[in-house]
Amino acid sequence: MSELLDTLTKRLGERGVLRDPADMARYVSDWAGDRLGMPLAVARPASTHEVAEVVALCRRHGTHMVPQGGHTGLVAGALPAADGGELVISLERMNRIRAIDPISFTMTVDAGCILEEVKRAAAEHDCDFPLSLGAQGSCQIGGNIATNAGGLNVLRHGMMRQLVLGLEVVLPDGRIWNALNVLHKDNRGYALPQLMLGSEGTLGIVTGAVLKLCPRPDQSRTALLGLPSVAAVIELYARARRDCSDLLTAFELIPRRCLELAMEASPELRDPLDAPYPWYVLMEVAATGPVDLGTMLESLLEHGMEKGLVLDGALAASDAQSQTLWQFRESMLEGQRRRGEHLRTDIAVPISRLPEFVERASQAIMEASPECEIIAYGHVGDGNLHFNILPPTTLPDGAKREHLHALEKRLFALLDTFGGSSAPSTASVAPSVTPISPGSRRWSANSPKASRHCSTPRA
Ligand SMILES: Cc1cc2nc3c(=O)[nH]c(=O)nc-3n(C[C@H](O)[C@H](O)[C@H](O)COP(=O)(O)OP(=O)(O)OC[C@H]3O[C@@H](n4cnc5c(N)ncnc54)[C@H](O)[C@@H]3O)c2cc1C
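In my numbering, the protein residues as written are -17 to 441.
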């Protein structure tokens, strides 16, 4: 091992390889902070050729690798095993915007670029890179690609899969695969780069990407609404999809408890409506050009109120007010994190069946564990639900994981009957990175996809 590390240090320089445990501290856990790994070392290549060299060297030495982006993935996929045998390859020094073409609406970037920086660079050219998520100040484009990230605007712009035109990848044997296609129409055979979307570091290390841009919206409207039930949320959503056409960019389902968690985490936030409601929707419409978004939204809300779907609502009158409404969505994650170990899931069910799923899943979980707390929120447009569970506070720390694991099994058994899917959760897989036996032909130690729960075959 020391021969490998010495060679790496010679090739990448002192800045390129971290070996001291103190220097490696920020690479051993992810945003959730409830898992710890221990890398052999952290390689920080600064170019695609350096990544290729690192990979080729690791292959020669039979050393396992874990590519790492902004470690915001929440399911410990970017963490090395705890046995100190795996090399973390961090892309953080590869953060160059390579090119922007505002006429073709494309942008070519290093995979280590932070999502927020990419959005900022696009905005400077009056374009928008529409992927938006709470972790955008830290997560990297490579991580977004590897996890096929979704976020708040999937409804209108799709997941990362729909936002990538081409890729540059270092393959498991150290070869560089240049598929940096910039064409919107490309019928040259198989769409091979798409294989990398959602591959979570198992097929290669993404080093560069061509991203699809869109015109930057010059107006938007945000509303936070109080609703009586998930069924009302879905009925309103179906109406909004028709009435707001393609201009609906976000439609978030939020339970009352999440608003409370957000206010606990960010005490400057005030209850946005006069009375509490069991469910809330945070929605946004956005457009470029002469479209009357205000009237469109108001007429939808009038309809919702007449039908008893919407009980109350707040319409942001300025960008600052809109940001405050979005702060609820962001702070509620921090509020959950502060509650310590809990079950986090990332589920999808057919949108029309969300109300039934929430009801039946809540019943199944409460029957098994009446003292736990359910926190179910998600992006309605992708049928996405984070059906999270806080364990009973009376349960001793050592018993929590097993308890949550049993609840997760119940939840996933029900999910199967809905034809749903889920990324791996975090309370149950401990640790998600498993050491690999010597001589194994597996490319990287982290293959969370293998443990993905998916009841229907993926195309
Ligand atoms: C506050 C918050 C909000 C979030 N909101 C959403 C959301 O709305 N929608 C959503 O989909 N996700 C969301 N996420 C999770 C989301 O998946 C990640 O934020 C992001 O996509 C991961 O990027 P990262 O750079 O942090 O990747 P990491 O966590 O570092 O890595 C994730 C996985 O990708 C692999 N990987 C990383 N970089 C590369 C690379 N260059 N090549 C190959 N493999 C690589 C890693 O090995 C690991 O398996 C959220 C996370 C947080 C903390």
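Note that the Cβ used here is the ideal one computed from N, Cα and C, for glycine as well.
Exercise. On the premise that V(-1) lies in contact with A25, defined as a C-beta separation below 8 Å, what is that separation, rounded to the nearest angstrom?
Worked result: Taking C-beta atoms under 8 Å as the contact rule, A25 and V(-1) qualify, at a distance of about 6 Å.
Exercise. In whole angstroms, what is the alpha-carbon distance linking M(-17) and E68?
Worked result: Roughly 10 Å between the two C-alpha positions.
Exercise. Going along the chain, which residues of its own chain have a beta-carbon closer than 6 Å to the beta-carbon of R320, five neighbours each way excluded?
Worked result: Once the five neighbours on either side are set aside, R320 has no close Cβ partner at all.
Exercise. Can we count Q318 as close to ligand 1, meaning its CB is less than 7 Å from some heavy atom?
Worked result: In this structure, Q318 has its CB at a distance of at least 7 Å from all heavy atoms of ligand 1.
Problem set entry | Residue range of the alpha helix (DSSP H) that includes P352 | Looking at the DSSP string, P352 is not in any alpha helix (DSSP H), and its letter there is neither H nor E.
For this session: Have a look at P(-7) and A128 and give me their C-alpha separation to the nearest angstrom.
Result: Position check: residue -7 holds Arg in this sequence, whereas Pro was assumed. So the two alpha carbons sit approximately 26 Å from each other.
Exercise. Does at least one heavy atom of ligand 1 sit under 7 Å from the Cβ of I371?
Worked result: Checking the Cβ of I371 against ligand 1 gives no.
Exercise. Using 8 Å as the threshold, is the region 221 to 234 in touch with the region 271 to 288, meaning 3 or more CB pairs across them?
Worked result: Cβ pair count under 8 Å is three or more, so yes.
For this session: Whole angstroms is fine: what's the gap from L56's alpha carbon to N370's?
Result: Rounded to whole angstroms, L56 to N370 spans 13 Å at the Cα level.
Exercise. Helix or strand or just coil, what does DSSP make of L282?
Worked result: Per DSSP, reduced to three states, the secondary structure at L282 is helical.
Exercise. When the Cα atoms are used, what is the spatial distance from D5 to T(-9)?
Worked result: For D5 and T(-9), the distance between alpha carbons rounds to 15 Å.
Exercise. Going by the C-beta, is S305 closer than 7 Å to any heavy atom of ligand 1?
Worked result: Checking the sequence shown, residue 305 turns out to be Gln, not Ser. Every heavy atom of ligand 1 is 7 Å or more from the Cβ of Q305, so no.
Exercise. Is the closest heavy atom of ligand 1 to the C-beta of D92 under 7 Å?
Worked result: If you check the C-beta of D92 against ligand 1, you find no heavy atom less than 7 Å away.
Exercise. Say the cut is 7 Å; is the CB of T375 nearer than that to a heavy atom of ligand 1?
Worked result: Residue side-chain check: T375 keeps its Cβ at 7 Å or more from all non-hydrogen atoms of ligand 1.
For this session: Please classify E341: is it buried, with 16 or more other beta-carbons within 10 angstroms of its beta-carbon, or exposed?
Result: Here E341 is exposed, its C-beta having fewer than 16 other C-beta atoms within 10 Å.
Exercise. Which partner residues does N163 have in the DSSP bridge list?
Worked result: Paired residue(s): none; N163 is not in a bridge.
Exercise. When DSSP builds the beta bridges, which residues end up paired with P49?
Worked result: DSSP links P49 through a beta bridge to I71.
Exercise. Applying the criterion that 16 or more other CB atoms from any shown protein chain within 10 Å of the CB defines a buried residue, is N126 buried or exposed?
Worked result: By the 10 Å Cβ count, N126 comes out buried.
Problem set entry | For P197: DSSP bridge partner residues | P197 is bridged to C109.
Problem set entry | CB of L230 within 8 Å of CB of L137, strictly | Yes. Within cutoff.
For this session: Over the uninterrupted alpha helix (DSSP H) stretch that includes E384, give me the two end residues.
Result: Counting along the chain, the alpha helix (DSSP H) containing E384 begins and ends at D379 to T399.
Problem set entry | Contacting residues, own chain, Cβ-Cβ under 6 Å from A214 (five flanking each side not counted) | The answer, listed in chain order, is L291.
Exercise. So, helix, strand or coil for V100, using DSSP?
Worked result: Of the three classes helix, strand and coil, the one that applies to V100 here is helix, per DSSP.
For this session: For M89, name the three-state secondary structure that DSSP assigns.
Result: Here DSSP, grouped into helix, strand and coil, assigns M89 to strand.
Exercise. Residues bridged to N366 by DSSP?
Worked result: Under DSSP, N366 shares a beta bridge with A330.
Exercise. Is it buried or exposed for K194, if we count other Cβ within 10 angstroms and need 16 for buried?
Worked result: With 16 or more Cβ atoms within 10 Å of its Cβ, K194 is classed as buried.
For this session: Apply the 10 Å Cβ neighbour rule to N130 and answer buried if 16 or more other Cβ atoms are within range, or exposed otherwise.
Result: By the 10 Å Cβ count, N130 comes out buried.
For this session: Please name the residue or residues paired with A81 in a DSSP beta bridge.
Result: Residue pairing for A81: DSSP places it in a beta bridge opposite T90.
For this session: Only counting runs of 3 or more residues, tell me where the beta strand (DSSP E) segments fall wholly within the region 207 to 273, in order along the chain.
Result: The qualifying runs are 230 to 237 and 261 to 269.
Exercise. With C-beta atoms as the reference, is A161 less than 8 Å away from L174?
Worked result: Yes, they are a contact pair.
Exercise. Can you name the start and end residues of the alpha helix (DSSP H) that E(-15) belongs to?
Worked result: For E(-15), the enclosing alpha helix (DSSP H) begins and ends at S(-16) to L(-6).
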